[in-house]
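Below you'll find the structure, written out as structure tokens, and then a few comments.
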Amino acid sequence: MKVRNKQEELKHEVNMTSMIDIVFLLLVFFVMTFKIVELEGDFSVRMPLASNSTGVVDDTELPLKLRLRANDQGELVSIAMNEVQLGTDFAALQNTVIGLVGNAGPSENAEEGPEVEIDTDFNLRYEHVIEAITAVSGYKEGDQTVPLIERIKFAKPRR
Amino acid sequence: MRVKSKKVDLAEGDLTPMIDMVFQLIAFFMVLINFAQTEANDRVVLPKSVLVKPPDEALEFPIVLHVTQDGEVILGGEGFTTDTLRIGLNRELAVINSEGKKPGDANVIIRAHRNTAAGDVQEVIRVAQEQKLEKFALRVKEDRT
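Respectively, the protein sequence lines represent chains X and F. In terms of my numbering, the first sequence is numbered consecutively and its last residue is 159. In terms of my numbering, the second sequence is numbered consecutively and its last residue is 304.
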């Protein structure tokens with residue numbers, strides 16, 4: 001008796017070619033559109049227009065004055081906190097702020113606590129303003145952030 | 160005479176592991192793709208700060224203003240100067256008003272280029288203040304170095 005080889009049985013194979021084509025197209029699409037996400041965050045600034053008014057103000061609530069001066073190229077040339085010159089060292093600025101407000105950090109009430117007013121030359125590079133805001137807002141201690149001043153506002157632009 | 164049918168010996172590779180891998184790659188890219196990047200603008204390179212962290216929840220009623228290196232303000236894909244920005248902001252405020260909210264409830268997100276003049280950013284804030292906007296967020300990149 002002749003025994004048929006089982007391997008000769010008819011195989012029903014699905015044609016994978018079109019699916020693989022589509023799958024590769026999808027892969028190429030995702031690879032091309034992929035962009036490494038850069039994490040972003042915000043510094044909050046609450047500045048109602050009334051805060052620029054020159055009405056009668058309580059001396060005890062006067063904001064700390066941070067003056068940033070720039071040269072013609074927009075580079076930082078000096079930092080002054082309440083008229084005290086600090087060179088161009090943001091670490092010195094931070095130490096000054098720690099000396100002024102202590103390590104207690106800002107009040108739980110967002111409307112209270114120390115406030116800093118940033119008065120900058122018009123052409124100063126924005127990057128330096130953010131460095132200054134970083135220095136006065138707090139510092140990192142390991143993974144923890146120690147807050148200093150959370151209320152920030154800008155003086156009128158200097159033309 | 161018996162004629163044997165010719166069977167072409169197809170050397171077929173096993174595609175299963177490759178398809179598995181390709182599907183895994185697709186799943187990886189699909190999960191990581193970030194459609195929120197539509198908020199970004201190629202002309203703006205944000206400054207960095209070690210202190211900022213991505214917010215836990217998105218800001219309510221955001222008005223995103225991109226400030227380019229030369230001081231142009233981009234709002235909703237349209238370019239403005241600080242003199243014409245009021246028109247664009249009024250348009251946004253009309254939408255906010257129609258939802259029964261006040262300008263003070265809106266959050267102005269300022270995405271300024273790191274090399275732009277600080278005065279330009281101040282001017283943008285001043286124009287927004289004149290439209291009774293008062294909550295501002297200066298957006299920066301998280302510096303993990």
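Cβ coordinates follow ideal geometry from the N, Cα and C atoms, glycine included. None of these values were measured; they are calculated from a predicted model.
Partner residues on chain F for Arg-158/X, Cβ-Cβ distance less than 8 Å: The contacting residues are Gly-278.
CB contact below 9 Å: Glu-117/X versus chain F: False, the Cβ-Cβ gap to chain F never drops below 9 Å.
Per-residue DSSP class, three states only, for Gln-144/X: Strand, per DSSP.
Simplified DSSP state of Asp-229/F, which is helix, strand or coil: In this structure, Asp-229/F counts as coil in the three-state DSSP scheme.
The stretch 120-138 of chain X: positions lying closer than 9 Å to chain F by Cβ: Hits within the stretch, in order: Thr-120, Asp-121, Phe-122, Asn-123, Leu-124, Arg-125, Tyr-126, Glu-127, His-128, Val-129, Ile-130, Glu-131, Ile-133, Thr-134, Ser-137 and Gly-138.
Straight-line Cα distance separating Ser-208/F from Gly-102/X: In a straight line, the C-alpha of Gly-102/X is about 22 Å away from that of Ser-208/F.
Under 8 Å by beta carbon: chain X residues contacting Ala-296/F: Correct list: Asp-42, Phe-43, Ser-44 and Val-45.
Whole runs of the beta strand (DSSP E) within the stretch 62-95 of chain X, excluding any shorter than 3 residues: Qualifying beta strand (DSSP E) stretches, in chain order: 64-70 and 76-81.
C-beta contact flag for Ile-118/X and Lys-153/X at 9 Å: Closer than 9 Å, so yes.
For Arg-158/X, three-class secondary structure by DSSP: Here Arg-158/X sits in coil by DSSP.
Leu-124/X versus Thr-175/F: straight-line alpha-carbon distance, rounded: Each residue's Cα considered, the two are about 60 Å apart.
Which of helix, strand or coil DSSP assigns to Gly-41/X: Of the three classes helix, strand and coil, the one that applies to Gly-41/X here is strand, per DSSP.
Distance between Asp-21/X and Arg-151/X (C-alpha atoms, nearest Å): Counting only the Cα atoms, Asp-21/X lies some 57 Å from Arg-151/X.
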